[in-house]
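Asker: Can you keep this structure in mind? I'll have questions shortly.
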Amino acid sequence: MGESTLNMDLLRRLCETPGIAGREDAVRAIVRDELATVVDEVSVDALGNVIGVRRGTGGPRVIIQAHIDEIGFMVRHIDDRGFIRIHPVGGFDPRVLIAQRVIVHGFDGSHLRGVLQPATKPIHLLDAGDVKPPKLDELFVDLGMSAEAVRSHVEMGDMITLDRTVESVGDCIIGKAFDDRICVFQMIEALRKLDGKTSCEIVAVATVQEEVGLRGAQTSAFHVEPDIAIALDITLAQDIPGTAEQDMVTRLGSGPAVKLMDSASISNHHLVKHMRDVARANDI
Numbered sequence: 001m002g003e004s005t006l007n008m009d010l011l012r013r014l015c016e017t018p019g020i021a022g023r024e025d026a027v028r029a030i031v032r033d034e035l036a037t038v039v040d041e042v043s044v045d046a047l048g049n050v051i052g053v054r055r056g057t058g059g060p061r062v063i064i065q066a067h068i069d070e071i072g073f074m075v076r077h078i079d080d081r082g083f084i085r086i087h088p089v090g091g092f093d094p095r096v097l098i099a100q101r102v103i104v105h106g107f108d109g110s111h112l113r114g115v116l117q118p119a120t121k122p123i124h125l126l127d128a129g130d131v132k133p134p135k136l137d138e139l140f141v142d143l144g145m146s147a148e149a150v151r152s153h154v155e156m157g158d159m160i161t162l163d164r165t166v167e168s169v170g171d172c173i174i175g176k177a178f179d180d181r182i183c184v185f186q187m188i189e190a191l192r193k194l195d196g197k198t199s200c201e202i203v204a205v206a207t208v209q210e211e212v213g214l215r216g217a218q219t220s221a222f223h224v225e226p227d228i229a230i231a232l233d234i235t236l237a238q239d240i241p242g243t244a245e246q247d248m249v250t251r252l253g254s255g256p257a258v259k260l261m262d263s264a265s266i267s268n269h270h271l272v273k274h275m276r277d278v279a280r281a282n283d284i
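Under the working numbering, the first residue of the sequence shown carries the number 1, and numbering increases by one thereafter.
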């Protein structure tokens, strides 16, 4: 699907809006407004999940879940020189974080641009044996401000997100928070394309706090009590240099992946077979 056929405005708003686990307020507001246009009723539960119900004509209740939180950081400490130490919210590979731009979302509503840096000497001042992969607890954010100025805007627990926009690159799109806002986007757009009533009742849930333990998905599943549950999330595209053929389970541009299992769940094999049959019948 080319950019011209994508709802790029919605995709950009979803992915560029900040919202780490537990701080999903801004992106939740967007999702709630968008879901309200494609379902019969929409609500927000006590944990913060957005639940949209599209009534059916008597078939099973199907829950579709995609999470709205993104990986990011919280402010853990501000030292006497104004440097911010961070606490990760979600899993990061620290190798890709050096010199990345971030936004510190201050308690006073300010959005302060900073840079992630490692607490170590520059590489040309290190001996060969002292050059080691960075660790998350060694990283700090430099806002280019004095400690007094930083503390006037920022306090412990404030949210930090990567400073990235959604852009087209060749045949692809890059940006932050595709895990899992791209699937929230797909969920909304799929509902928009439905024509008339379906036999099943569809409950579309934009879940919270997935990156810290699937919390929103679990609570919403108990609340909805579905007959069938489908979780939409991203996975690894392994068609890259350095990957052995037996590990190349997905290829970018070859369609969606149906997951058999992961560290948190084992997929129902009857549902997996059904999805495979539907995909083959429709050349997906």
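C-beta: ideal position from N, C-alpha, C; glycine also.
Please read these numbers as outputs of a predicted model, since none were measured by experiment.
Is threonine 5 helix, strand or coil by DSSP?
Answerer: Helix.
Asker: May I ask you to report which of helix, strand or coil DSSP gives aspartate 283?
Answerer: Coil.
Asker: What's the gap between the Cα of aspartate 45 and the Cα of glycine 52?
Answerer: C-alpha separation (whole angstroms): 11 Å.
Asker: Can you tell which of Val38, Leu143, Arg32 and Arg23 has the C-alpha that lies nearest to the C-alpha of aspartate 79?
Answerer: Taking only the C-alpha atoms, the option nearest aspartate 79 is Leu143.
Asker: Any idea what DSSP makes of alanine 66, helix, strand or coil?
Answerer: Alanine 66: strand per DSSP, three-state reduction.
Asker: So the alpha helix (DSSP H) glycine 216 belongs to, where does it begin and stop?
Answerer: Segment 215–224, the alpha helix (DSSP H) holding glycine 216.
Asker: Are proline 134 and isoleucine 98 close, meaning C-beta to C-beta below 8 Å?
Answerer: In this structure, isoleucine 98 lies closer than 8 Å to proline 134 by Cβ.
Asker: What residue range is occupied by the uninterrupted alpha helix (DSSP H) comprising leucine 139?
Answerer: Run containing leucine 139: none in the alpha helix (DSSP H); it sits in the beta strand (DSSP E), 139–142.
Asker: Would you report the Cα separation of glutamine 186 and arginine 81, rounded to the nearest angstrom?
Answerer: In a straight line, the C-alpha of glutamine 186 is about 44 Å away from that of arginine 81.
Asker: Looking at the structure shown, is isoleucine 228 part of a helix, part of a strand, or coil, going by DSSP?
Answerer: If DSSP states are grouped into helix, strand and coil, isoleucine 228 belongs with the strands.
Asker: For phenylalanine 209, which three-state DSSP category applies?
Answerer: The identity of residue 209 in the sequence shown is glutamine, whereas the question assumes phenylalanine. In the structure shown, glutamine 209 sits in coil (DSSP, three-state: anything other than H, G, I, E or B).
Asker: Could you check how far apart the C-beta atoms of threonine 235 and alanine 257 are, in whole angstroms? I think they sit under 8 Å.
Answerer: The Cβ separation is near 5 Å, so the contact holds.
Asker: Using C-beta distances below 7 Å, list every residue in its chain close to aspartate 40, excluding the 5 sequence neighbours before and after it, in chain order.
Answerer: Taken in chain order, the residues that qualify are Val53, Arg54 and Arg55.
Asker: Threonine 161 bridges to which residues according to DSSP?
Answerer: Answer is Ile103, bridged to threonine 161.
Asker: Nearest by alpha-carbon distance to histidine 87: which of Asp127, Ile20, Thr120 and Glu148 is it?
Answerer: It is Ile20 whose Cα lies nearest to the Cα of histidine 87.
Asker: Count the other CB atoms, across all protein chains shown, that sit within 10 Å of the CB of methionine 159; report buried if there are 16 or more and exposed otherwise.
Answerer: By the 10 Å Cβ count, methionine 159 comes out buried.
Asker: Please look up how many angstroms separate the CB atoms of valine 89 and isoleucine 63, rounded, as I've assumed it's under 8 Å.
Answerer: About 25 Å; that fails the 8 Å criterion.
Asker: Considering only C-alpha positions, which residue in the set His274, Leu162, Asp93 and Glu155 is nearest to glutamate 16?
Answerer: Nearest option by C-alpha distance: Leu162.
Asker: Could you check which residue in Val205, Ala147 and Arg76 has the C-alpha nearest to that of methionine 156?
Answerer: Of the listed residues, the one whose Cα sits closest to methionine 156 is Arg76.
Asker: With DSSP as the reference, please indicate the residues paired to phenylalanine 73 in a beta bridge.
Answerer: Answer is Pro88 and Ile160, bridged to phenylalanine 73.
Asker: Which word fits glutamine 246, buried or exposed, when buried means at least 16 other C-beta atoms lie within 10 angstroms of its C-beta?
Answerer: Exposed.
Asker: Tell me whether valine 169 is buried or exposed, calling it buried when 16 or more other Cβ atoms sit within 10 Å of its Cβ.
Answerer: Exposed, since its Cβ has fewer than 16 Cβ neighbours within 10 Å.
Asker: Need the endpoints of the alpha helix (DSSP H) that arginine 28 sits in, please.
Answerer: Counting along the chain, the alpha helix (DSSP H) containing arginine 28 begins and ends at 25–35.
Asker: Is the CB-CB distance between valine 96 and glycine 114 below 8 Å?
Answerer: Going by C-beta atoms, valine 96 is not nearer than 8 Å to glycine 114.
Asker: Could you tell me the alpha carbon to alpha carbon distance between serine 267 and valine 131, rounded to whole angstroms?
Answerer: Straight-line Cα distance between these residues: approximately 42 Å.
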